[in-house]
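Visitor: Protein chains in written order, with our numbering: chain B, 7 to 324; chain A, 26 to 537.
Note that beta-carbon positions come from the ideal geometry of N, C-alpha and C, so glycine has one too.
Just so it is clear, the structure is predicted and the values come from calculations on it, not from any experiment.
If you scroll down you'll find the structure; I have some questions about it.
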């Protein structure tokens, strides 16, 4: 019986991330629109967009290979699994013991690898530009992310997110410089990974400035829907990651009853909303940076994460 | 002005065969020798090219000399040939290629003989020539080569991801750095010059107002003033002042829109939204005052089509109050946002010498040290009685082009106030008819009007029957598009949209 309940909770988590991801994007867009005094599209517009794309016919380039066709599903599957592994409302779910934070980073890394390949597959110049820029960003964002993981692991004694979350929620954490640095670095990596301003502009129509959008310019129909949904999931993943590691309050722990789960779910929604508003405010307040400034930006994230890790070697209490 | 070896434009025109009934400036048919002399002056940078256009058997060139004197010289093209201006003075290249496409005139020595407006889709070649030819064979367009290791080409357009006009941009890049940009335009050719020929004046005025939608007031004004010059019509003072009012409102709306749009290309949506609100206020005030948001067809030869009522005056006054109150905050926001400044400062630098050589008008020229404004330097009414400054900067980057716009918004606000305060009464429209004192032959008129992009040239000939025999409208973009190619060199590909928006050249006005 307990196993069935555990499985049901795990299933609920997987469905929850899938269903919430478009809402999160819709919410960020709505807040951004309100901040610039626009009405903005409805909160559920991303769902409608996905439904529209699913119905539409797929237009494929003549020279598109099998890789181009399977990549959307690969990206979606990898991102969904990764997103489902991050504790949202409850830690210590059934599947969370099968994979740790490094696996999550690796899943996202492989999704990106296929996306960059698919971007170059058809051979348009924009796909190539997008893929090369994306890989340039990734080559700095991924090491920074791994260093953040090391910092957390050194503090919490595990790379397992449920353990990290439990540790971060306990009183023995205290104020640590290294964690502050990790948080800032993680936010910077999250912005870059999700192609948000100032690294990339998710709303642009200017093909020459695109990074993420340039890679998927050739996609249409259900392929595009899969990639878009994966993009939504990725944002949700990072927001969940930040909230589970740095804002672990209200998180239900392994073996918790329905009441704790309900509190966890409510707390999770509040955290999502707060972080989404912060993201929207930040995006409204800054302009996009030059492409060649992005390495500086991510270099700073890498250095912060590295410093955080080094500080922990100097003293375990920092 | 006539130092030894540098003749004034007036001397050159004196020496030629003066054409009767060309107003307000003079036109002369010159010899090939005098033509070459003028080209020498252009190439030496002493004179500026204000326009070059064809007719079935001649070619005309409008020139501006150091003393801001304007004149037109014309050369008969025997066998459809004339000595090329572009081989010595590059700003003429595209104008000559366009004239070759439309009239079949062959410039001798033109270094670039590729077709420009004619993309082989017209079903006829040289449509405006005395005898149009059969359809031009569709040939592939050979872009200029750039050679080197690891260079790659990026083709952008003509259809873009955003809803903008069509134009093709061919980048040769080394990684992210642009080595060369070549534009290909002509996709929105509407045949306005062909449609004008033989059209009655009122229909031609409508066509002129549709040359470039965002400059419809400036185009109507240029056309109306050219017609009035040709026919010797005196326009009532009230109409003249109302025209200036419309022109300044149009400038306000476009500059406000541009400032926001440039920031939006750096993904700074906040400025875009606020500038968009202000632009909308201008358009609504224009709608209340003149009955059309963009004031299309409100300026007609002989006057203006709608008078300003009390409601309009108060709408414009409250608009000025609102912009004056809110715009300074936006300017401050622009100036204090470091991430935005990082994008605009030192991006897309246009050299002062190039702006001067190409006689670039508007904010493109004034941001690169070219101190020219048709409103001040040609002092057409009512600007001769108004006080305003012409901002000039030397930096020539995107930031400078934004600042020129900011300063011009401030000047336009002051101009609108002055105009409203001193608006004379009286009729607003006169009959357009050939006065009896004009001879039976055709009469020609010309006007140079400062639109928001720069100076628009209108030249036309009204026939004895009162229809337009030939009309040429030259958009400021003719001399700005080539400069964009120069300004982007050495910048990164991802900065092109920002540079392009800061130039904001017209596709429609250029393609005609």
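Identify whether residue 417 of chain A lies in helix, strand or coil by the three-state DSSP scheme.
Guide: On the second chain, position 392 is the one that residue 417 of chain A refers to. It is coil, neither helix nor strand.
Visitor: Can you name the residues of chain B whose CB is closer than 7 angstroms to the CB of residue 368 of chain A?
Guide: In the second chain, residue 368 of chain A corresponds to position 343, counting from 1. Near residue 368 of chain A (Cβ distances below 7 angstroms), the residues of chain B are 293 and 296.
Visitor: Is residue 234 of chain B helix, strand or coil when you go by DSSP?
Guide: One-based indexing of the first chain puts residue 234 of chain B at position 228. Looking at residue 234 of chain B - three-state DSSP - the assignment turns out to be helix.
Visitor: Using a Cβ cut-off of 7 angstroms, pull out every chain A residue sitting near residue 211 of chain B, in sequence order please.
Guide: By one-based count along the first chain, residue 211 of chain B stands at place 205. Here the neighbours are 186 and 187.
Visitor: Ignoring anything shorter than 4 residues or poking outside the stretch 198–261 of chain A, list the alpha helix (DSSP H) runs there in chain order.
Guide: The qualifying runs are 217–221, 226–233 and 241–256.
Visitor: If we ignore side chains and look at the alpha-carbon of each, how far apart do residue 13 of chain B and residue 57 of chain B end up?
Guide: Start at 1 with the first residue of the first chain, and residue 13 of chain B comes out as number 7. Start at 1 with the first residue of the first chain, and residue 57 of chain B comes out as number 51. Rounded to whole angstroms, residue 13 of chain B to residue 57 of chain B spans 29 angstroms at the Cα level.
Visitor: Here's the rule I'm using: 16 or more other beta-carbon atoms within 10 Å means buried, otherwise exposed. How should residue 21 of chain B be labelled?
Guide: In the first chain, the residue the question calls residue 21 of chain B occupies position 15. Classification of residue 21 of chain B: exposed, given that the 10 Å Cβ count is below 16.
Visitor: Measure from the C-beta of residue 237 of chain B to each C-beta in chain A and report whether the shortest distance is under 7 angstroms.
Guide: Locating residue 237 of chain B in the first chain gives position 231, where the first residue counts as 1. Chain A, which has no Cβ nearer than 7 angstroms to the Cβ of residue 237 of chain B, makes this no.
Visitor: Given 8 angstroms as the limit, is there contact between the stretch 45–62 of chain A and the stretch 100–111 of chain A, that is, 3 or more CB pairs closer than that?
Guide: A contact exists between the stretch 45–62 of chain A and the stretch 100–111 of chain A.
Visitor: Using a Cβ-Cβ distance under 7 angstroms, would residue 141 of chain B count as near chain A?
Guide: To locate residue 141 of chain B, count along the first chain from 1; it is residue 135. Taking Cβ atoms only, chain A never reaches closer than 7 angstroms to residue 141 of chain B, which makes this a no.
Visitor: Along the chain, where does the beta strand (DSSP E) containing residue 86 of chain A start, and where does it finish?
Guide: One-based indexing of the second chain puts residue 86 of chain A at position 61. It spans 83–89 - the beta strand (DSSP E) in which residue 86 of chain A sits, taken as one unbroken run.
Visitor: Sorry if obvious, but does the Cβ on residue 71 of chain A come closer than 6 angstroms to a heavy atom of the ligand FMN?
Guide: Absence of the ligand FMN from the depicted structure is noted, as is the absence of any ligand whatsoever, leaving it without description.
Visitor: Please check if any C-beta of chain A sits within less than 7 angstroms of the C-beta of residue 9 of chain B.
Guide: For the purposes of this step, residue 9 of chain B is identified with residue 3 of the first chain, where counting begins at 1. Chain A contact via Cβ: absent.
Visitor: Can you pull the chain A residues whose beta carbon is under 8 angstroms from the beta carbon of residue 203 of chain B, in chain order?
Guide: As a first step, residue 203 of chain B is located in the first chain; it is residue number 197 there, counting from the start. What residue 203 of chain B touches in chain A: 292.
Visitor: Under 7 angstroms, Cβ to Cβ, is there at least one residue of chain B near residue 199 of chain A?
Guide: As a working note, residue 199 of chain A is residue 174 in the second chain. So no, residue 199 of chain A is outside the interface.
Visitor: So for residue 481 of chain A, helix, strand or coil by DSSP?
Guide: On the second chain, residue 481 of chain A is found 456 positions in, with the first residue counted as 1. Three-state result, residue 481 of chain A: strand.
Visitor: Out of A/419, A/247 and A/241, which has the shortest C-alpha to C-alpha gap to residue 375 of chain A?
Guide: Sequence index remark: in the second chain, residue 375 of chain A carries index 350 (1-based). Ranking the options by Cα distance to residue 375 of chain A, first place goes to A/419.
Visitor: Is it right to say residue 361 of chain A is buried, meaning 16 or more other beta carbons lie within 10 angstroms of its own, or is it exposed?
Guide: The residue labelled residue 361 of chain A in the question sits at position 336 within the second chain. Residue 361 of chain A is exposed by the Cβ-count criterion.
Visitor: Which of the three DSSP states, helix, strand or coil, is assigned to residue 503 of chain A?
Guide: As a first step, residue 503 of chain A is located in the second chain; it is residue number 478 there, counting from the start. Three-state result, residue 503 of chain A: helix.
Visitor: Around the Cβ of residue 50 of chain B, are there at least 16 other Cβ atoms within 10 angstroms (buried) or fewer (exposed)?
Guide: Along the first chain, read from residue 1 onward, the residue named residue 50 of chain B stands at position 44. When all chains shown are included, residue 50 of chain B counts as exposed.
Visitor: Can you grab the Cα-Cα spacing for the pair residue 456 of chain A / residue 299 of chain A, in whole Å?
Guide: Reading the second chain from its first residue, position 431 is the one you call residue 456 of chain A. Reading the second chain from its first residue, position 274 is the one you call residue 299 of chain A. Approximately 43 angstroms, taken between the alpha carbons.
Visitor: What is the rounded straight-line gap between the Cα of residue 430 of chain A and the Cα of residue 480 of chain A?
Guide: To locate residue 430 of chain A, count along the second chain from 1; it is residue 405. To locate residue 480 of chain A, count along the second chain from 1; it is residue 455. The alpha-carbon atoms of residue 430 of chain A and residue 480 of chain A are separated by roughly 15 angstroms.
Visitor: Near residue 184 of chain B, which residues of its chain fall below 6 angstroms by C-beta distance, leaving aside the five closest residues on each side in sequence?
Guide: On the first chain, position 178 is the one that residue 184 of chain B refers to. Excluding positions up to five away in sequence, the list reads 157, 314, 317, 318 and 324.
Visitor: Measure the alpha-carbon distance for residue 8 of chain B versus residue 298 of chain B and round it to whole angstroms.
Guide: The count along the first chain starts at 1 and reaches residue 8 of chain B at position 2. The count along the first chain starts at 1 and reaches residue 298 of chain B at position 292. Going from the Cα of residue 8 of chain B to the Cα of residue 298 of chain B covers about 53 angstroms.
Visitor: Kindly indicate which three-state DSSP category residue 255 of chain B falls into: helix, strand or coil?
Guide: By 1-based counting over the first chain, the position of residue 255 of chain B is 249. The answer is coil: DSSP assigns residue 255 of chain B none of H, G, I, E or B.
Visitor: For a contact meaning CB atoms closer than 7 angstroms, what does residue 207 of chain B contact in chain A?
Guide: Stepping through the first chain from its first residue, residue 207 of chain B is reached at position 201. The answer, in chain order, is 292.
Visitor: Select from A/168, A/118, A/411 and A/454 the residue whose C-alpha is nearest the C-alpha of residue 611 of chain A.
Guide: Absent from the structure is residue 611 of chain A, since the part of chain A shown begins at 26 and ends at 537.
Visitor: Residue 475 of chain A and residue 400 of chain A: beta carbons closer than 7 angstroms?
Guide: Translated into the one-based positions of the second chain, residue 475 of chain A becomes position 450. Translated into the one-based positions of the second chain, residue 400 of chain A becomes position 375. Contact flag set, yes.
Visitor: Would you report the Cα separation of residue 356 of chain A and residue 273 of chain B, rounded to the nearest angstrom?
Guide: Within the second chain, residue 356 of chain A is the residue found at index 331, counting from 1. Within the first chain, residue 273 of chain B is the residue found at index 267, counting from 1. So the two alpha carbons sit approximately 41 angstroms from each other.
Visitor: So residue 51 of chain A packs on residue 43 of chain A, CB below 8 angstroms; how close in whole Å?
Guide: In the second chain, the residue the question calls residue 51 of chain A occupies position 26. In the second chain, the residue the question calls residue 43 of chain A occupies position 18. Indeed, because the Cβ distance is near 7 angstroms, the residues count as touching under 8 angstroms.
Visitor: Measure the C-alpha to C-alpha separation of residue 125 of chain B and residue 213 of chain B and round it to an integer number of angstroms.
Guide: Mapped onto the first chain, residue 125 of chain B falls at position 119. Mapped onto the first chain, residue 213 of chain B falls at position 207. The alpha-carbon atoms of residue 125 of chain B and residue 213 of chain B are separated by roughly 14 angstroms.
Visitor: Is residue 43 of chain B close to chain A? Criterion is C-beta to C-beta, closer than 7 angstroms.
Guide: If you number the first chain from 1, residue 43 of chain B lands on position 37. Answer yes: the Cβ-Cβ gap between residue 43 of chain B and chain A drops below 7 angstroms somewhere.
Visitor: Excluding five sequence neighbours on each side, which residues of the same chain lie with their C-beta closer than 7 angstroms to the C-beta of residue 123 of chain A?
Guide: As a position in the second chain, residue 123 of chain A is number 98, starting the count at 1. Excluding residues within five positions, the ones whose Cβ falls inside 7 angstroms are 141 and 142.
Visitor: Can you pull the DSSP bridge partners for residue 133 of chain A?
Guide: Position 108 of the second chain, counted from the start, is the residue given in the question as residue 133 of chain A. Residue 133 of chain A is bridged to A/108.
Visitor: Would you decide whether residue 60 of chain B is buried or exposed? Buried here means 16 or more other CB atoms lie within 10 Å of its CB.
Guide: Stepping through the first chain from its first residue, residue 60 of chain B is reached at position 54. Exposed, since its Cβ has fewer than 16 Cβ neighbours within 10 Å.
Visitor: According to DSSP, is residue 19 of chain B part of a helix, a strand, or is it coil?
Guide: Numbered from 1 along the first chain, position 13 holds the residue referred to as residue 19 of chain B. Here residue 19 of chain B sits in helix by DSSP.
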